[in-house]
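Asks: Have a look at this one before I ask anything.
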Amino acid sequence: MGDSNSIKHCLKTLRLYLCYPLIGTVFGVTLIMLPASAQIPCYPQFDSEYYTFSFPTQYPPLVTSMPLDVLVGHIGLDSLCKAKTYGEIETFFRARTYWDDTLKYAAKYLLSLVDYDPVLLRLTQGGSPSYMSLVNVYRDYLVASARGLSARPELDEAILGSDYILVINVTSVTDRSDTSAAFAQHARIVRFNVVDTILGKTLPGCYNLGGTGASVPPDCNWFDISREQVGIQLENYGLPADSGSVIAALPMPTKQYLVFLRLSTLCQTSTSAYMTMMPLYPISAKSGVFEVTSGSISDPMNLFGVGNSPTLSSAVEAIRTRILTIHSLVN
4 MGDSNSIKHC LKTLRLYLCY PLIGTVFGVT LIMLPASAQI PCYPQFDSEY
54 YTFSFPTQYP PLVTSMPLDV LVGHIGLDSL CKAKTYGEIE TFFRARTYWD
104 DTLKYAAKYL LSLVDYDPVL LRLTQGGSPS YMSLVNVYRD YLVASARGLS
154 ARPELDEAIL GSDYILVINV TSVTDRSDTS AAFAQHARIV RFNVVDTILG
204 KTLPGCYNLG GTGASVPPDC NWFDISREQV GIQLENYGLP ADSGSVIAAL
254 PMPTKQYLVF LRLSTLCQTS TSAYMTMMPL YPISAKSGVF EVTSGSISDP
304 MNLFGVGNSP TLSSAVEAIR TRILTIHSLV N
């Protein structure tokens, strides 16, 4: 893990995206709508919304109500990260030449942990002094292995790299600018209601200030999308990336989307982690955000394997089928 100054510099210049380590769930979740006077203790210059979480009180963070796959996954990950170094994890994954049983089991249990509670998994990797960000390294190498070796590389990368896969209705958006940033100067805060949860059963936002669990509006969840990053993805896939095309690709109120999202850490103290949530940009020209129009989506890269203009239901079914395949240890 880098020192706090390097993390803050990364956030300032890259608008939070791809700044590691990522952390992330449960024990004392709070959504803070940031007024001018509210500041994150470890990152006071941050001027947008954030989630704050308390770290677990034990590692691995086991509770008896967890499903068996989740218990096994946390225990196995804890043992691996306490026994292995960065180099050993890298060597292990680089030695894989095909999508073997070891990788299948790794994918199965990672997916179980993410689906049960993505935030808890990220808090575990960030809060435990015994292995810190090794969990993130392990996950990144597993995603890279899927991209290179699995039978459905693009879709597996999207599934294993996401913390949440959701169908949402956007309720409101707020545009923010930071002209002092070196790269991503324009961001949009997208608030939404969840229509369907495909992956990631525990969402981070629906707790009031103070974490007492009082009732809150249904659109208490949000994510942050960078206009500049959307433009890069359009360019990477050979699509028009002019200002009009980028703005047209951003989420809009009253519209429905299929989204792939990932938690990202702003900073952390000894007791708490402060996070934002962002699209999984690299998986598609759509930056992980697929607009639903008349019951269908545009999928120019055929990520879901059901054509370039599939119905939402067929795309969701393709994702769920692949998740079931991963859980079943099939290619």
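Residues in the sequence shown are numbered consecutively from 4, following my numbering. Idealized CB from N, CA, C, for every residue including glycine. Quick caveat: nothing in here was measured; it's all calculated off a predicted structure.
Check each candidate in 89, 188, 227 and name the one with the smallest Cα separation from residue 266.
Replies: The shortest C-alpha separation from residue 266 is found at 227.
Asks: Could you tell me the alpha carbon to alpha carbon distance between residue 161 and residue 71, rounded to whole angstroms?
Replies: Approximately 25 Å between the Cα atoms of the pair.
Asks: In its own chain, which residues sit with a C-beta less than 7 Å from the C-beta of residue 153, not counting the 5 before and 5 after it?
Replies: 102, 159
Asks: Quick one: grab the DSSP three-state call for residue 238.
Replies: Here residue 238 sits in helix by DSSP.
Asks: Can you tell me which of 121, 67, 97 puts its alpha carbon nearest to the alpha carbon of residue 207?
Replies: 121
Asks: Identify the continuous alpha helix (DSSP H) that holds residue 143 and give its terminal residues.
Replies: 137 to 152
Asks: In terms of residue numbering, what span does the alpha helix (DSSP H) encompassing residue 95 cover?
Replies: 89 to 97
Asks: Quick one, which of 304, 264, 96, 180 has its alpha-carbon nearest residue 163's?
Replies: With respect to the C-alpha of residue 163, the residue from 304, 264, 96, 180 having the closest C-alpha is 264.
Asks: Who are residue 267's beta bridge partners in DSSP?
Replies: According to DSSP, which records beta bridges pairwise, residue 267 is partnered with 279.
Asks: If we ignore side chains and look at the alpha-carbon of each, how far apart do residue 307 and residue 334 end up?
Replies: Each residue's alpha carbon lies about 16 Å from the other.
Asks: Count Cβ pairs between the segment 299 to 314 and the segment 82 to 93 that sit closer than 8 Å; are there 3 or more?
Replies: no
Asks: By Cβ distance below 6 Å, which residues in the same chain neighbour residue 290 in space, the five residues on each side in sequence not counted?
Replies: 233, 236, 282, 284
Asks: Does the beta-carbon of residue 66 have 16 or more other beta-carbons within 10 angstroms, so that it is buried, or is it exposed?
Replies: With fewer than 16 other Cβ atoms within 10 Å, it is exposed.
Asks: Answer with buried or exposed for residue 52, where buried requires no fewer than 16 other C-beta atoms within 10 angstroms of its C-beta.
Replies: buried
Asks: Confirm, please, whether the CB-CB distance from residue 295 to residue 315 is below 7 Å.
Replies: yes
Asks: Roughly how far, in whole angstroms, is the beta-carbon of residue 205 from the beta-carbon of residue 192, given that I think they are within contact range, below 8 Å?
Replies: Their Cβ separation, rounded to whole angstroms, is 21 Å, which puts residue 205 and residue 192 out of contact at 8 Å.
Asks: How long is the line joining the alpha carbons of residue 78 and residue 63, rounded to whole angstroms?
Replies: 6 Å
Asks: To which residues does DSSP link residue 48 through a beta bridge?
Replies: Bridge partners of residue 48: none, in fact.
Asks: Alpha carbon to alpha carbon, what distance is there between residue 326 and residue 303?
Replies: 22 Å
Asks: Give the secondary structure of residue 328 by DSSP, where H, G and I count as helix, E and B as strand, and everything else as coil.
Replies: helix
Asks: Tell me which residues share the same chain as residue 238 and place their Cβ nearer than 7 Å to its Cβ, disregarding the 5 neighbours each side in the sequence.
Replies: 244
Asks: Considering only their Cβ atoms, is the gap separating residue 55 from residue 277 smaller than 7 Å?
Replies: yes
Asks: If we define contact as Cβ-Cβ less than 7 Å, is residue 71 a contact residue for chain B?
Replies: Structure shown: chain B not included; a single protein chain is present.
Asks: Could you name the residues that DSSP lists as bridge partners for residue 189?
Replies: 180
Asks: If you run the structure through DSSP and keep just helix, strand and coil, what is residue 253?
Replies: Note: residue 253 maps to coil in three-state DSSP.
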